[in-house]
Amino acid sequence: MRYFIEFAYNGKNYCGWQYQPQSPSVQETLNKALSTLFRKEIDVLGAGRTDTGVHAKQMYAHFDYEEPFDADTLVQRLNSFLPKDIVVYRFIPVADDAHARFDATSRTYEYHIHTFKDAFDHEGSWYNFHELDVAKMNEAAQVLFDYTDFKCFSKTHTDVKTFNCDIKEAYWVHNGTKLVFTITADRFLRNMVRAIVGTLVNVGLGKMTVADVRDVIESRDRNRAGFSVPAHGLYLTKVIYPYI
Numbered sequence: 003m004r005y006f007i008e009f010a011y012n013g014k015n016y017c018g019w020q021y022q023p024q025s026p027s028v029q030e031t032l033n034k035a036l037s038t039l040f041r042k043e044i045d046v047l048g049a050g051r052t053d054t055g056v057h058a059k060q061m062y063a064h065f066d067y068e069e070p071f072d073a074d075t076l077v078q079r080l081n082s083f084l085p086k087d088i089v090v091y092r093f094i095p096v097a098d099d100a101h102a103r104f105d106a107t108s109r110t111y112e113y114h115i116h117t118f119k120d121a122f123d124h125e126g127s128w129y130n131f132h133e134l135d136v137a138k139m140n141e142a143a144q145v146l147f148d149y150t151d152f153k154c155f156s157k158t159h160t161d162v163k164t165f166n167c168d169i170k171e172a173y174w175v176h177n178g179t180k181l182v183f184t185i186t187a188d189r190f191l192r193n194m195v196r197a198i199v200g201t202l203v204n205v206g207l208g209k210m211t212v213a214d215v216r217d218v219i220e221s222r223d224r225n226r227a228g229f230s231v232p233a234h235g236l237y238l239t240k241v242i243y244p245y246i
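Residues 3 to 246, numbered by our numbering, are exactly what the sequence shown covers, in order.
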């Protein structure tokens, strides 16, 4: 049978989701814990990649296992095996051809900024003390809906066949000293969200205009887009499937 596993992680101590030979990854950590419990080699395949230091409040992966098991008991046992920065929520039996990556219809990310020094948020939010024009940043975010090709926000030298993404929502919410950017799309390119946030922050700082954002997207040139904001403020928050 095929199973989906729903889980979350703090990405601070990992090189990202995907296995890396010389660095700890979330995928490798889950594989080892599941393989220990099942006493056979288990290889999970995730809903997508997250970069080094990026967090996930909701992530899915799938794996195959022949024997039935008590899901509630396994959740408790698995969480006792895993380090404190990874938590498993549930196992979900799915069809044999269900796929955690290819069947996802949308993914949502949040980027967190705090504008006044915070002793508790510094590891999960980017401290930016500069005054930002949030209204202009939201205006610039609306430009994203007019396009589907986002090569200008993609990491260079990737193996993707297309740079097209269907962005469904993109907006900033400002609450006191907290600022959160939410973006949802059917797929994301490598480093895309962090590059978009950096570009919108430049608008908020007055270094770019809303028209400049349009020009950057149409140029398809990563060098013309804004800087890539630090990874520790980025969270994958939701992955949607038609059958979950």
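Ideal Cβ placement from N, Cα and C applies to all residues, glycine included. Just so it is clear, the structure is predicted and the values come from calculations on it, not from any experiment.
By the Cβ-count criterion, Thr52 is buried, with 16 or more other Cβ atoms from all chains shown falling within 10 Å of its own Cβ. Assigned with DSSP and collapsed to three states, Arg109 falls in strand.
In this structure, Glu30 is the residue among Glu30, Asp72, Tyr111, Met61 with its C-alpha nearest to the C-alpha of Pro85. In the three-state reduction of the DSSP assignment, Thr201 falls in the helix class, which pools H, G and I.
With contacts defined as CB atoms closer than 8 angstroms, Leu80 and Leu134 fail to qualify as a contacting pair. Here Ser221 is not near Leu191, since their CB atoms are 8 angstroms or more apart. Judged by DSSP in its simplified three-state form, Asp214 adopts helix. In terms of Cβ geometry, Gln24 and Lys240 do not form a close pair [threshold 8 angstroms]. Linking Asn12 to Asn140 through their CA atoms gives a straight-line distance of about 28 angstroms. In the DSSP assignment, Phe118 is bridged to no other residue.
Apart from the 5 residues on each side of it in sequence, Phe93 sits with its Cβ closer than 6 angstroms to the Cβ of Tyr5, Ile7, Ala73 in its chain, given in chain order.
Within the region 125-185, the complete beta strand (DSSP E) runs of at least 3 residues fall at 169-177. Burial is judged here by how many other beta carbons sit within 10 angstroms of a residue's own beta carbon; Thr75 has fewer than 16 and is exposed.
Cα atoms of Asp98 and Tyr91: separation of roughly 21 angstroms, rounded to the nearest angstrom. In the three-state reduction of the DSSP assignment, Met3 falls in the coil class.
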